[in-house]
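Enquirer:
Protein chains: 2
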Amino acid sequence: MDATLEETLVSYEELADLEQEFDDVETEIIRQQYALTKPLYAKRAELVSKIPNFWRLVLEQAPMDIDEYIQPSDSAVLMSSLKSLSVRRLELDADEKKGDPRSVAIRFEFDENEHFEDAVLEKTFWWRYSKDGFAGLVSEPVEIRWKKGKDLTDGLLGLVKAVYDEQAAKPKQAAKDKKSNKVELTAKQKALKEKMENTGMGGVSFFAWFGYIGEYVTAEESKAALAEEREERRKRKAGEEVAKKKDEDEEMEDDEDDEDDDDDDLEIFPTGDQLAMAFADDLWPAALKYFIQAQEEDLSEIDQDMDDWEDDEDDEDDEEEGAGRPQKKRA
Amino acid sequence: MDATLEETLVSYEELADLEQEFDDVETEIIRQQYALTKPLYAKRAELVSKIPNFWRLVLEQAPMDIDEYIQPSDSAVLMSSLKSLSVRRLELDADEKKGDPRSVAIRFEFDENEHFEDAVLEKTFWWRYSKDGFAGLVSEPVEIRWKKGKDLTDGLLGLVKAVYDEQAAKPKQAAKDKKSNKVELTAKQKALKEKMENTGMGGVSFFAWFGYIGEYVTAEESKAALAEEREERRKRKAGEEVAKKKDEDEEMEDDEDDEDDDDDDLEIFPTGDQLAMAFADDLWPAALKYFIQAQEEDLSEIDQDMDDWEDDEDDEDDEEEGAGRPQKKRA
Numbered sequence: 001m002d003a004t005l006e007e008t009l010v011s012y013e014e015l016a017d018l019e020q021e022f023d024d025v026e027t028e029i030i031r032q033q034y035a036l037t038k039p040l041y042a043k044r045a046e047l048v049s050k051i052p053n054f055w056r057l058v059l060e061q062a063p064m065d066i067d068e069y070i071q072p073s074d075s076a077v078l079m080s081s082l083k084s085l086s087v088r089r090l091e092l093d094a095d096e097k098k099g100d101p102r103s104v105a106i107r108f109e110f111d112e113n114e115h116f117e118d119a120v121l122e123k124t125f126w127w128r129y130s131k132d133g134f135a136g137l138v139s140e141p142v143e144i145r146w147k148k149g150k151d152l153t154d155g156l157l158g159l160v161k162a163v164y165d166e167q168a169a170k171p172k173q174a175a176k177d178k179k180s181n182k183v184e185l186t187a188k189q190k191a192l193k194e195k196m197e198n199t200g201m202g203g204v205s206f207f208a209w210f211g212y213i214g215e216y217v218t219a220e221e222s223k224a225a226l227a228e229e230r231e232e233r234r235k236r237k238a239g240e241e242v243a244k245k246k247d248e249d250e251e252m253e254d255d256e257d258d259e260d261d262d263d264d265d266l267e268i269f270p271t272g273d274q275l276a277m278a279f280a281d282d283l284w285p286a287a288l289k290y291f292i293q294a295q296e297e298d299l300s301e302i303d304q305d306m307d308d309w310e311d312d313e314d315d316e317d318d319e320e321e322g323a324g325r326p327q328k329k330r331a
Numbered sequence: 332m333d334a335t336l337e338e339t340l341v342s343y344e345e346l347a348d349l350e351q352e353f354d355d356v357e358t359e360i361i362r363q364q365y366a367l368t369k370p371l372y373a374k375r376a377e378l379v380s381k382i383p384n385f386w387r388l389v390l391e392q393a394p395m396d397i398d399e400y401i402q403p404s405d406s407a408v409l410m411s412s413l414k415s416l417s418v419r420r421l422e423l424d425a426d427e428k429k430g431d432p433r434s435v436a437i438r439f440e441f442d443e444n445e446h447f448e449d450a451v452l453e454k455t456f457w458w459r460y461s462k463d464g465f466a467g468l469v470s471e472p473v474e475i476r477w478k479k480g481k482d483l484t485d486g487l488l489g490l491v492k493a494v495y496d497e498q499a500a501k502p503k504q505a506a507k508d509k510k511s512n513k514v515e516l517t518a519k520q521k522a523l524k525e526k527m528e529n530t531g532m533g534g535v536s537f538f539a540w541f542g543y544i545g546e547y548v549t550a551e552e553s554k555a556a557l558a559e560e561r562e563e564r565r566k567r568k569a570g571e572e573v574a575k576k577k578d579e580d581e582e583m584e585d586d587e588d589d590e591d592d593d594d595d596d597l598e599i600f601p602t603g604d605q606l607a608m609a610f611a612d613d614l615w616p617a618a619l620k621y622f623i624q625a626q627e628e629d630l631s632e633i634d635q636d637m638d639d640w641e642d643d644e645d646d647e648d649d650e651e652e653g654a655g656r657p658q659k660k661r662a
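In order, the protein sequence lines correspond to chains A and B. Under our numbering, the first residue of the first sequence carries the number 1, and numbering increases by one thereafter. Under our numbering, the first residue of the second sequence carries the number 332, and numbering increases by one thereafter.
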């Protein structure tokens, strides 16, 4: 069944603008929720600090959209040395009123382990807008100080960092490179590309996530792009003429997932933004629920059977259960 | 790795009470969100009324946790005769302050079709608490006036309704029957059980969802159970002694999915509450996004290839994309 907008009396802009309005409300809601739950998270932090392995047990119960990225070798490190995990909305902490509630910093603390020197790994994701219509989470590669021969990403993460620094040195150019594949890859980019081609993306380590970039958009560019977009919206609302930068098709493509962007051929963790959201919107708020789940699994044979049965019968539902619906089943 | 609460200084009640507090905030947030988005939904309804097949196209893009329940024969009916779909928070419409924001009514409007007489099918889910610790969405079977030989549930839905009316006639007894399998099944229950055993649950029609019950809990029982639970919480908070109705293990089991309840052997759609939430928390708020997705799929070969690639490479993420994250990618 096919019904493109051309056949209708509604323009793509009308729909996109309304979607934006929904989006703005959604963002305000996250802002309020963060303020309302702050004391509860503090209380939780205090409680769980008394529970050995709290975060390891939570991570063991992680929903599919997190679990699928944790390879056995990653799991070995996490289960043996993860000390704590935390998520903060950094822009709200900086400016409760003006900060974007969707920007998050995800922090892992580790005990001494055989793979890397770092006691803390923190990955920061900023919600950014770009003039080409992109809006989403962008980040910078986080280096991990691997112990000799223990790099779980087999050098991928290091290469990404090297390429990023190279590109960041000339952001404007980098931005252009993205959209047109005309330009030659640099030596570093070539090396990364080859490395990626020789690594099955399926088998890539969870720790490669720390190399996620998304798009090269600075805070300034983002601010300008957002202002421009808001202004166009205002004009459309006021019925004024808005000069189209490009045709709708492109605009719509830009709305799509990172996976669709040209530059993904150099993105070692294309779904890194989605994984960040799974941590921030699901594992973090529902951690108590996952922990209690872990307890239940120990409790009785019957429970165990049930869980097994569920795993067979309706995996999807189990995941959905976990997926950001903390309001469910809490008596 | 095993770490039960016994080893720690934290009691199960402390965690459960805190989880409840998170839950209360979550519920308030839904209440605020409903108020804030009401005008936007009105605007959306007006816009989409001008778009032919809007809801059919949205449903075509439905995330896995809805799509998996729609059999080809269901899809044929929906795609040919679904006129509109809507979700309302009925308790908020009745009482914005006191109503439970988690109760939802999901309404489908149909054109004339070959399977049933009904122009409207509406399924209502109430958020209820029971003394045994259950909290979740309960519902009543909705009858469908099937045309001769066109019952997509092959009689299942009718049997469920018959059993429900029988049980509802003696709610107290029914409630007891639930928890103890001592009592004999009635003739109708036997018939239903047989019918279910002869129907692979996998192949059950989407329309069997209209038979979802969950638990037999009246509004009065729910009110009483909630009041009792709140009082116990208050006491625990005040450090007073609380008489345990049962040991923690049971309590924890009660926290689990419907799938774990004794009475599921007579529930024709055990995950009916989750499907309701998928409609209310995902398809409904993100409908514009799904519609635009549908447009994009028509747009260009490139897009099409991309989508295919995604389907192969990271299904999970595609679903997560859809799963209640309307705040994502909206520039």
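Built from N, CA and C at the ideal position, the CB exists for glycine as well. None of these values were measured; they are calculated from a predicted model.
(1) In three-state terms, what does DSSP make of residue 600/B?
(2) Using a C-beta cutoff of 9 angstroms, does residue 381/B count as contacting chain A?
(3) Could you check where the alpha helix (DSSP H) with residue 489/B kicks off and where it finishes?
(4) Under 7 angstroms between beta-carbons, which chain B residues line up against residue 44/A? List them in chain order, please.
(5) On the premise that residue 470/B lies in contact with residue 570/B, defined as a C-beta separation below 8 angstroms, what is that separation, rounded to the nearest angstrom?
(6) What is the residue span of the alpha helix (DSSP H) that residue 349/B lies within?
(7) Compare the C-alpha of residue 132/A against each of 192/A, 225/A and 115/A and name the closest.
(8) At 8 angstroms on the CB atoms, spell out the chain A contacts of residue 409/B, in chain order.
(9) Would you give the residue range spanned by the beta strand (DSSP E) that residue 66/A belongs to?
(10) What would DSSP say about residue 121/A, mapped onto helix, strand or coil?
(11) Output yes if chain A places a C-beta closer than 9 angstroms to the C-beta of residue 676/B; else output no.
(12) Give the DSSP-derived three-state secondary structure of residue 292/A in the structure shown.
(13) Alpha carbon to alpha carbon, what distance is there between residue 110/A and residue 559/B?
(14) What are the boundary residues of the alpha helix (DSSP H) that includes residue 223/A?
(15) If we call anything under 9 angstroms between Cβ atoms a contact, is residue 401/B one with residue 622/B?
(16) Could you tell me how far apart the beta carbons of residue 432/B and residue 542/B are, in whole angstroms, since I believe they sit closer than 8 angstroms?
(17) Alpha carbon to alpha carbon, how far is residue 143/A from residue 488/B?
(18) Which residues in the same chain have their Cβ closer than 6 angstroms to the Cβ of residue 672/B, if we skip the five residues on either side of it in sequence?
(19) For residue 448/B, count neighbouring Cβ atoms within 10 angstroms of its own Cβ and tell me buried if that reaches 16, exposed if not.
(20) On the DSSP bridge list, what partners appear for residue 104/A?
(21) Should residue 273/A and residue 137/A be called a contact, given that it needs their Cβ atoms to be closer than 9 angstroms?
(22) Just list the residues that DSSP pairs residue 88/A with in beta bridges.
(23) Assuming contact is defined by CB atoms lying nearer than 9 angstroms, are residue 596/B and residue 527/B in contact in what I supplied?
(24) Would a check of beta-carbon distances place residue 161/A closer than 9 angstroms to chain B?
(25) Please confirm if residue 213/A has its CB atom under 9 angstroms from at least one CB of chain E.
(26) Consult DSSP for residue 195/A and reduce its assignment to one of helix, strand or coil.
(27) Is the CB-CB distance between residue 59/A and residue 115/A below 9 angstroms?
(28) Here's a check: name, in chain order, each residue in its chain whose Cβ is nearer than 6 angstroms to the Cβ of residue 81/A, leaving out the five neighbours to either side.
(29) What is the DSSP secondary structure of residue 190/A, reduced to helix, strand or coil?
(30) For residue 547/B and residue 499/B, I'd like the C-alpha separation in whole angstroms.
(31) Going by C-alpha distance, which of 203/A, 283/A and 288/A is nearest residue 64/A?
(32) Rounding to the nearest angstrom, what Cα-Cα distance links residue 539/B and residue 161/A in this structure?
(33) Listed in chain order, which residues of the stretch 455-487 of chain B have Cβ atoms closer than 7 angstroms to some Cβ of chain A?
(34) Give me the DSSP bridge partner(s) of residue 137/A.
(35) Starting from residue 72/A, follow the alpha helix (DSSP H) in both directions and report where the run begins and ends.
(36) Going along chain B, which residues have a C-beta under 9 angstroms from residue 415/A?
Expert: Reading off the structure:
(1) coil
(2) yes
(3) 487-499
(4) 349
(5) The Cβ separation is near 39 angstroms, so there is no contact.
(6) 343-379
(7) 225/A
(8) Within chain A, no residue comes near residue 409/B; the closest Cβ sits about 11 angstroms away, beyond 8 angstroms.
(9) Careful: residue 66/A lies outside any beta strand (DSSP E), inside the alpha helix (DSSP H) at 64-67.
(10) strand
(11) Residue 676/B lies beyond the residue range present for chain B, which begins at 332 and ends at 662; the question has no answer from this structure.
(12) helix
(13) 42 angstroms
(14) 219-237
(15) no
(16) Between residue 542/B and residue 432/B the Cβ distance is about 25 angstroms, and since that is not below 8 angstroms, they are no contact.
(17) 58 angstroms
(18) The structure shown does not extend to residue 672/B, since chain B is modelled only from 332 through 662, so no value can be given for it.
(19) exposed
(20) 125/A
(21) yes
(22) 105/A
(23) yes
(24) no
(25) The structure shown contains no chain E; the protein chains it does contain are A and B.
(26) helix
(27) no
(28) 110, 111 and 113
(29) helix
(30) 8 angstroms
(31) 283/A
(32) 53 angstroms
(33) 460, 464, 465, 466 and 467
(34) 127/A
(35) 72-81
(36) Missing from the structure shown is residue 415/A; chain A here goes from 1 to 331 and no further.
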